[in-house]
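>
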Amino acid sequence: MTDITPLLTPVELGGLRLPNRVVMAPITRARATADGVPTELHAAYYGQRATAGLIITEGTWVGERAIGFPGVPGLHRPEQVVAWRRVTDVVHALGGRIAAQLWHAGPGSPAELSVADLRVVAADFRAAARCAREAGFDGVEVHAVGDFLLPRFLNPRTNRRTDRYAGGRLLLDVVDAVVGEWGGRRVGVRLSPYWSTTEGFVPDESTLDAYDGHVAGLAEYPLAYLHLRGPEAFDPDHTPFRRYRALFTGPLVVNLGFTRAAADDVVACGVADAVSFATHYIANPDLVARFALRHALAVGDPATYYRGGAEGYVDYPEHRPRVLSSSGSAAETTPPARG
Ligand SMILES: Cc1cc2nc3c(=O)[nH]c(=O)nc-3n(C[C@H](O)[C@H](O)[C@H](O)COP(=O)(O)O)c2cc1C
Numbered sequence: 001m002t003d004i005t006p007l008l009t010p011v012e013l014g015g016l017r018l019p020n021r022v023v024m025a026p027i028t029r030a031r032a033t034a035d036g037v038p039t040e041l042h043a044a045y046y047g048q049r050a051t052a053g054l055i056i057t058e059g060t061w062v063g064e065r066a067i068g069f070p071g072v073p074g075l076h077r078p079e080q081v082v083a084w085r086r087v088t089d090v091v092h093a094l095g096g097r098i099a100a101q102l103w104h105a106g107p108g109s110p111a112e113l114s115v116a117d118l119r120v121v122a123a124d125f126r127a128a129a130r131c132a133r134e135a136g137f138d139g140v141e142v143h144a145v146g147d148f149l150l151p152r153f154l155n156p157r158t159n160r161r162t163d164r165y166a167g168g169r170l171l172l173d174v175v176d177a178v179v180g181e182w183g184g185r186r187v188g189v190r191l192s193p194y195w196s197t198t199e200g201f202v203p204d205e206s207t208l209d210a211y212d213g214h215v216a217g218l219a220e221y222p223l224a225y226l227h228l229r230g231p232e233a234f235d236p237d238h239t240p241f242r243r244y245r246a247l248f249t250g251p252l253v254v255n256l257g258f259t260r261a262a263a264d265d266v267v268a269c270g271v272a273d274a275v276s277f278a279t280h281y282i283a284n285p286d287l288v289a290r291f292a293l294r295h296a297l298a299v300g301d302p303a304t305y306y307r308g309g310a311e312g313y314v315d316y317p318e319h320r321p322r323v324l325s326s327s328g329s330a331a332e333t334t335p336p337a338r339g
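Counted from 1, the sequence shown has number 44 at position 44 by the numbering used here; the numbering is strictly sequential.
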């Protein structure tokens with residue numbers, strides 16, 4: 001009998017072949033330089049997590065106009081490409097796969113932005129997608145969740161336009177631009193009708209209907225995957241994700257609040273192809289090993305999430321397993337002597 005559960009079996013997401021279905025979700029950690037350049041700490045942090053089936057980086061700015069917060073890296077200037085190359089080289093040397101999450105937090109509402117502005121948005125995504133190739137990434141993910149430029153256009157409450165940019169056109173223009181650089185099978189898209197532009201927002205039927213249309217539009221592309229973030233209240237029957245499984249035939253990655261058991265279940269019942277974890281990955285660099293060996297998970301310190309520096313970033317230890325001795329009693333393993 002094997003103890004290897006569905007989450008720990010290989011899967012193909014478009015053109016990406018993963019040895020397991022444990023995905024590291026995008027996690028902003030605010031450790032880049034003031035110029036938005038990743039550092040050696042990024043290489044260590046992502047390298048520690050290289051056993052993930054797929055790492056999705058923290059959101060990275062697609063251009064100067066996209067910048068929203070300090071400490072977040074960019075992927076649009078040559079020195080950023082060089083620094084990211086160091087990160088991807090380390091992850092690849094350790095056997096991992098890594099996709100860059102492309103993010104635009106620029107100002108402006110759907111009512112304010114001109115057609116020319118929106119063409120520039122798609123062009124910035126395209127240029128960053130090209131930079132991601134030069135930096136050695138295995139793919140890219142379009143960030144279209146939260147209170148940012150793309151999701152403002154996806155929600156009918158915030159997008160009242162009646163021109164070309166009514167509905168989901170801006171997202172599809174961005175996907176066209178990115179697919180133009182990569183081909184669709186290396187491009188993922190992250191969506192959520194539940195994580196929105198207004199505090200305490202609960203999507204009404206018109207929002208859910210609009211997202212049905214967006215997902216159906218994306219189903220026309222041979223995407224690597226659709227990455228869905230579910231509602232804050234975890235549903236053990238996975239009902240919110242089933243709605244999109246029926247609309248999108250490509251690979252689905254699901255997120256928010258999953259335990260190992262719930263992740264196994266959502267894969268076993270065929271609703272999702274992989275599951276992404278954010279908070280667990282902050283404190284458990286060896287999350288795949290902990291799942292495989294059924295070891296306890298560590299809990300991260302939220303005070304260090306965005307604080308900068310090595311503390312709370314690259315100093316979460318790997319779990320030291322307890323093994324059974326020949327007498328059958330549990331014993332702590334000792335690390336091999338150095339030197
Ligand atoms: C510190 C922190 C930073 C995050 N940064 C991003 C980000 O850059 N891009 C993104 O799409 N989601 C981001 N998220 C959301 C996570 O990817 C994920 O959706 C959320 O934490 C729920 O997953 P979990 O239950 O596994 O933690 C962030 C979450 C946390 C806690």
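Cβ atoms here follow ideal geometry from the backbone N, Cα and C, with glycine treated the same way.
(1) Sorted by chain position, which residues of the same chain lie with C-beta nearer than 8 Å to Val115's C-beta, five sequence neighbours on each side aside?
(2) Looking only at its own chain, which residues have a Cβ that is under 7 Å from the Cβ of Met1, when we skip the five neighbours before and after it?
(3) Nearest by alpha-carbon distance to Asp71: which of Thr39, Ala272, Phe248, Pro317 is it?
(4) Can you tell me whether DSSP reads Phe277 as helix, strand or coil?
(5) Going by beta carbon distance, what residues of the same chain come within less than 7 Å of Val91, once the five residues before and after it are set aside?
(6) Quick one: does the C-beta of Arg229 sit closer than 6 Å to a heavy atom of ligand 1?
(7) With a threshold of 16 other CB atoms inside 10 Å of the CB of Ser329, please say whether the residue is buried or exposed.
(8) Name the DSSP beta bridge partners of Ile55, please?
(9) Kindly identify the DSSP beta-bridge partner or partners of Glu12.
(10) Do the stretch 249-256 and the stretch 200-216 make contact, defined as three or more Cβ pairs closer than 8 Å?
(11) According to DSSP, simplified to helix, strand and coil, what is Thr5?
(12) Using alpha carbons as the reference points, say which of Asp301, Arg245, Arg185, Val23 lies closest to Val288.
(13) Quick one: grab the DSSP three-state call for Ala292.
(14) Can you round the beta-carbon distance between Pro222 and Gly53 to whole angstroms, since I take them to be within the 8 Å contact cut?
(15) Round the Cβ separation of Gly110 and Arg157 to the nearest angstrom and send it over; I've been treating them as touching at under 8 Å.
(16) Is any non-hydrogen atom of ligand 1 found closer than 6 Å to the C-beta of His143, if you look at the structure I gave you?
(17) Once the 5 residues before and after Arg338 are set aside, which same chain residues still bring their CB inside 6 Å of it?
(18) Would you mind listing the beta strand (DSSP E) stretches within the stretch 184-235 that are 3+ residues and don't spill past its ends, in chain order?
(19) Which residues bound the alpha helix (DSSP H) around Glu64?
(20) Ligand 1 and Leu300: does the residue's C-beta get closer than 6 Å to at least one heavy atom of that ligand?
(21) Does the stretch 229-243 come into contact with the stretch 251-267, if we say contact requires no fewer than three beta-carbon pairs (one atom in each stretch) closer than 8 Å?
(22) Is Leu297 helix, strand or coil when you go by DSSP?
(23) Is it buried or exposed for Cys269, if we count other Cβ within 10 angstroms and need 16 for buried?
(24) Just curious, the beta strand (DSSP E) that Ala128 is in, first and last residue?
(25) Could you tell me if Ile4 is buried or exposed, where buried requires 16 or more neighbouring beta carbons within 10 angstroms of its beta carbon?
(26) Smallest Cα separation from Gly136: which of Val87, Leu18, His76?
(27) Taking 6 Å as the cut-off, is the CB of Pro73 close to at least one heavy atom of ligand 1?
(28) Tell me whether Leu18 is buried or exposed, calling it buried when 16 or more other Cβ atoms sit within 10 Å of its Cβ.
(29) Which value, in whole angstroms, describes the spacing of the CA atoms of Leu171 and Ala44?
(30) Give me the residue from Val271, His238, Phe69, Leu150 with the minimum Cα distance to Ala122.
(31) Could you give the distance in angstroms between the alpha-carbon of Leu7 and the alpha-carbon of Glu112?
(32) Is the beta carbon of Ala177 sitting closer than 7 Å to the one on Phe148?
(33) Which class does His319 belong to by DSSP, given the choice of helix, strand or coil?
From the atom records:
(1) Your numbering for residue 115 matches position 115 in the sequence shown. For Val115, where only same-chain residues beyond five positions count, the Cβ hits under 8 Å are Asp163, Arg164, Tyr165.
(2) If you number the sequence shown from 1, residue 1 lands on position 1. Interpretation of Met1 is limited by its pLDDT of 48, a score under 50 that renders its predicted location unreliable; no figure is taken from the coordinates.
(3) Position 71 of the sequence shown, counted from the start, is the residue given in the question as residue 71. The amino acid occupying residue 71 in the given sequence is Gly; Asp does not appear at that position. Comparing Cα positions, the closest option is Thr39.
(4) Counted from its first residue, the sequence shown places residue 277 at position 277. Strand, per DSSP.
(5) Residue numbering aside, residue 91 sits at position 91 when the sequence shown is read from its first letter. Taken in chain order, the residues that qualify are Tyr46, Gly47, Ala50, Ile55, Ile98.
(6) Position 229 of the sequence shown, counted from the start, is the residue given in the question as residue 229. At least one heavy atom of ligand 1 falls within 6 Å of the beta-carbon of Arg229.
(7) Translated into the one-based positions of the sequence shown, residue 329 becomes position 329. Reliability fails at Ser329, whose pLDDT of 47 lies under 50, so the model's placement of it is uncertain and the value that follows must be treated cautiously. Classification of Ser329: exposed, given that the 10 Å Cβ count is below 16.
(8) Position 55 of the sequence shown holds residue 55. DSSP output for Ile55 lists Met24, Ile98 as bridge partner(s).
(9) On the sequence shown, position 12 is the one that residue 12 refers to. Per DSSP, Arg17.
(10) By the Cβ criterion, the stretch 249-256 is not in contact with the stretch 200-216, since fewer than three pairs of Cβ atoms, one from each stretch, lie closer than 8 Å.
(11) Numbered from 1 along the sequence shown, position 5 holds the residue referred to as residue 5. Per DSSP, reduced to three states, the secondary structure at Thr5 is coil, with no helix or strand assignment.
(12) The sequence position of residue 288 within the sequence shown is 288, counting from 1. Residue Val23 is the option with its Cα nearest to Val288.
(13) By 1-based counting over the sequence shown, the position of residue 292 is 292. The answer is helix: DSSP assigns Ala292 an H, G or I state.
(14) Numbered from its first residue, the sequence shown carries residue 222 at position 222. Numbered from its first residue, the sequence shown carries residue 53 at position 53. Their Cβ separation, rounded to whole angstroms, is 20 Å, which puts Pro222 and Gly53 out of contact at 8 Å.
(15) Position 110 of the sequence shown, counted from the first residue, corresponds to residue 110. Position 157 of the sequence shown, counted from the first residue, corresponds to residue 157. Here residue 110 turns out to be Pro, not Gly, going by the sequence shown. About 11 Å; that fails the 8 Å criterion.
(16) For the purposes of this step, residue 143 is taken as residue 143 along the sequence shown, with counting starting at 1. Yes.
(17) Walking along the sequence shown from the start, residue 338 turns up at place 338. Unreliable placement is indicated for Arg338, whose pLDDT of 35 sits below 50; the coordinate value is still reported in the next sentence. Cβ within range, chain order: n/a, list empty.
(18) Qualifying beta strand (DSSP E) stretches, in chain order: 187-191, 225-229.
(19) Indexing the sequence shown from 1 puts residue 64 at position 64. Where Glu64 is concerned, there is no enclosing alpha helix (DSSP H), because DSSP gives it neither an H nor an E.
(20) To locate residue 300, count along the sequence shown from 1; it is residue 300. Note that residue 300 is Gly in the sequence shown here, rather than Leu. False, no ligand heavy atom lies under 6 Å from that Cβ.
(21) Contact between the stretch 229-243 and the stretch 251-267 is present, with at least three C-beta pairs closer than 8 Å.
(22) Mapped onto the sequence shown, residue 297 falls at position 297. Coil.
(23) Within the sequence shown, the letter at position 269 stands for residue 269. Cys269 comes out exposed.
(24) Your numbering for residue 128 matches position 128 in the sequence shown. Segment 115-134 is the alpha helix (DSSP H) holding Ala128; no beta strand (DSSP E) there.
(25) By 1-based counting over the sequence shown, the position of residue 4 is 4. So Ile4 counts as exposed.
(26) Mapped onto the sequence shown, residue 136 falls at position 136. Nearest to Gly136 by alpha-carbon distance, out of Val87, Leu18, His76, is Val87.
(27) In the sequence shown, counting from the first residue as 1, residue 73 sits at position 73. With a cutoff of 6 Å, Pro73 does not count as near ligand 1, since its C-beta is closer than that to no heavy atom of the ligand.
(28) Numbered from its first residue, the sequence shown carries residue 18 at position 18. Residue environment for Leu18: buried (at least 16 other C-beta atoms within 10 angstroms of its C-beta).
(29) Working through the sequence shown from its first residue, we reach residue 171 at position 171. Working through the sequence shown from its first residue, we reach residue 44 at position 44. A direct Cα-to-Cα measurement between Leu171 and Ala44 gives close to 33 Å.
(30) Translated into positions along the sequence shown, residue 122 becomes position 122. Comparing Cα positions, the closest option is Leu150.
(31) Taking the first residue of the sequence shown as position 1, residue 7 is located at position 7. Taking the first residue of the sequence shown as position 1, residue 112 is located at position 112. When only Cα atoms are considered, Leu7 and Glu112 end up about 44 Å apart.
(32) On the sequence shown, position 177 is the one that residue 177 refers to. On the sequence shown, position 148 is the one that residue 148 refers to. It is not a contact, given that the beta carbons lie outside the stated cut-off.
(33) Numbered from its first residue, the sequence shown carries residue 319 at position 319. The answer is coil: DSSP assigns His319 none of H, G, I, E or B.
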